[in-house]
Each structure stands twice: as C-alpha cells, then as structure tokens.
Amino acid sequence: MNHIIKHKLLLFIPLFLIVTFMYVNFVKFNSNFDEKLRDILFEIRGPIETTNQITIIDIDEKSIETLGQWPFSRIHIAQVLANLANAGAGIIGLDIVFSEYDRSSPKTMAQQLGVQGDFIDSDFLLS
C-alpha cells in the first residue's frame, strides 16, 4: 500500500510542476508573443506621414488658474465647443466626467450651442 502511494506521489509531483510551469510560461509567452508580433508588423508597415490636423486640448493647471476650480461651468465647456466648431473642427470628442449636477448653466449652454426649444438636460439625468 505504501509503495502505491509513493508511486502516485512521484507521478503527481512532476506532473503538477510541469502543468504549473506550462501555465505560467504560456500566459507570459502569449503576452510577449503579441507584443513582439505587433512590433514586427509596425516595422513592416513603416512610418506613416502625419498631418497636423489633430489637436488635443487639455485641462491643465493653467486652465484651472484662469477659469477657477474644477468642475468648470458648462458655459465654459460650451464656449470651447463653439470656438472649436467655428474654427472648423470636423470631429470633437470629450473625455470628461461631469459627475456633479450644474444648476447654473444647462439652459445657457444649450442657448450658446444654438439649441432651440425643449432639450434634454443630460446633465440632470446623468448626475
């Protein structure tokens, strides 16, 4: 009986170590393989000429010093959007979370953007 347990244990331990080793290295291999493949594909593709048509506008410390504490009034955001549209921006994307309800400016923002009549106050709905 002791001999059978010893035999099974001698079989189980190497098998367990092999499976663990394979799992750890396969996950790591997949990640490295994907990164290496991506690098190779970018090398094959070569550099792409860029146009200077993309502009990223960042809310930084200087903006906060000028406009005051964050979150800015939606009026300021509306003015930025209007300025960008007037400057000929084709696509404008925002990566901003409006986590607090702005009681002071949703209607003013809608007027500034040219929204006439009734409008959905998403600021109220999403806050």
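Position one of the sequence shown corresponds to residue 402 (my numbering), numbered consecutively onward.
Just so it is clear, CB atoms sit at the ideal spot from N, CA and C, and this is done for glycine as well.
8 Å CB neighbourhood of residue i in its chain, flanking five on each side removed
i      : result
ILE493 : LEU482, LEU485, ALA486
HIS404 : none
LEU527 : Per-residue confidence for LEU527 stands at a pLDDT of 44, beneath the threshold of 50, marking its modelled position as unreliable; the derived number appears in the next sentence. Correct list, in chain order: PHE499.
Of the residues the options, the one placed nearest residue i, counting alpha carbons only
i      : options                        : result
PHE499 : ALA488, ASP461, GLY489, SER474 : SER474
ASP461 : ILE497, LYS437, TYR424, GLU501 : ILE497
GLY447 : ARG439, LYS407, GLN454         : ARG439
GLY489 : PHE422, ILE455, PHE434, ILE449 : ILE455
Beta-carbon gap between residue i and residue j smaller than 8 Å
i      : j      : result
ILE465 : TRP471 : yes
Residues near residue i in its chain [Cβ-Cβ closer than 6 Å; skip 5 each side]
i      : result
ILE441 : none
Residue i: CB within 7 Å of a non-hydrogen atom of the ligand GDP
i      : result
ASN403 : With respect to the ligand GDP, the structure offers nothing, as it holds no ligand at all.
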